[in-house]
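If you read the sequence shown in full-length UniProt numbering, its first letter stands for residue 1, the second for the next number, and so on.
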Amino acid sequence: MKRPILLFLLGIAIVVSGCVNLMGDSYDRPSQEYFWHEPGYMYPNQYDRSLPSDIASQFDSNGELIYYTGYNEEGQLIPASGGPHWLYVHGGSCVSCHGVSGKGGIPIMMGTDIPSDIRYSTLTAEDEPANEVAGGHDEHPAYTDETIKEAIRDGIEPDGEELDYTMPRWDMSDDDIEDLINYLKTL
1 MKRPILLFLL GIAIVVSGCV NLMGDSYDRP SQEYFWHEPG YMYPNQYDRS
51 LPSDIASQFD SNGELIYYTG YNEEGQLIPA SGGPHWLYVH GGSCVSCHGV
101 SGKGGIPIMM GTDIPSDIRY STLTAEDEPA NEVAGGHDEH PAYTDETIKE
151 AIRDGIEPDG EELDYTMPRW DMSDDDIEDL INYLKTL
């Protein structure tokens, strides 16, 4: 009879020690220091510089660097909140969801929305629904530079509606966001 009680108490001790260990770790926000993250790839073993690729590895502007890598020209990772979990686990940037062309349109892993066309000409078009996504969003006014900034930083559409939670909220400096918008104008 003593053996089952000892096993039970040992099991309780293991569970309690595991819980105490978990409470000591900080899971509020995973580290975003993914220095291996290469532009346009979710996992480091997918990128082989010796293979031909249409993915840029040389960047002509800070905005292009941010679009492809999620880092600015000072080597700082642009912090993000929200968005898909893999963004925190494997790193990511605009190109990870919206693609090299900025046209989006391909569902992302574990997302609920299809990434929109974020080319500047599409976002700011007056004569067609800006960023209407198949299956869902109501039409909204065309974007302006200011509402593009709100969408990137706060996840808010021009009509005040909230973007899908799979769109990360990027904490960019004024200079970085201006550079990114200038890059979007080239797509």
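Virtual Cβ for every residue (Gly too), placed ideally from N, Cα, C.
| Asked | Found |
| --- | --- |
| Inter-residue CB distance, L163 and M172 (contact presumed, cutoff 8 Å) | Contact doesn't hold; Cβ gap of about 16 Å is too wide. |
| Coarse secondary structure for R169, derived from DSSP in three states | strand |
| Sequence-distant residues of the same chain with beta carbon closer than 6 Å to Y34, five excluded per side | Any reading at Y34 must be qualified, since the residue scores a pLDDT of 36, below 50, and its modelled position is unreliable; no value is offered. |
| Proximity below 9 Å, CB of residue 216 to CB of T124 | Summary: the structure shown does not reach residue 216, with the chain confined to residues 1 through 187, and so no result is reported for it. |
| In DSSP terms, what Y71 is bridged to | L77 |
| Other residues of its chain near E146: CB distance less than 7 Å, five sequence neighbours each side excluded | none |
| CB contact flag (L187, I118, <9 Å) | yes |
| Inter-residue spacing [alpha-carbon to alpha-carbon] between residue 189 and E64 | A query on residue 189 cannot be resolved here, the shown segment of the chain reaching from 1 to 187 and no further. |
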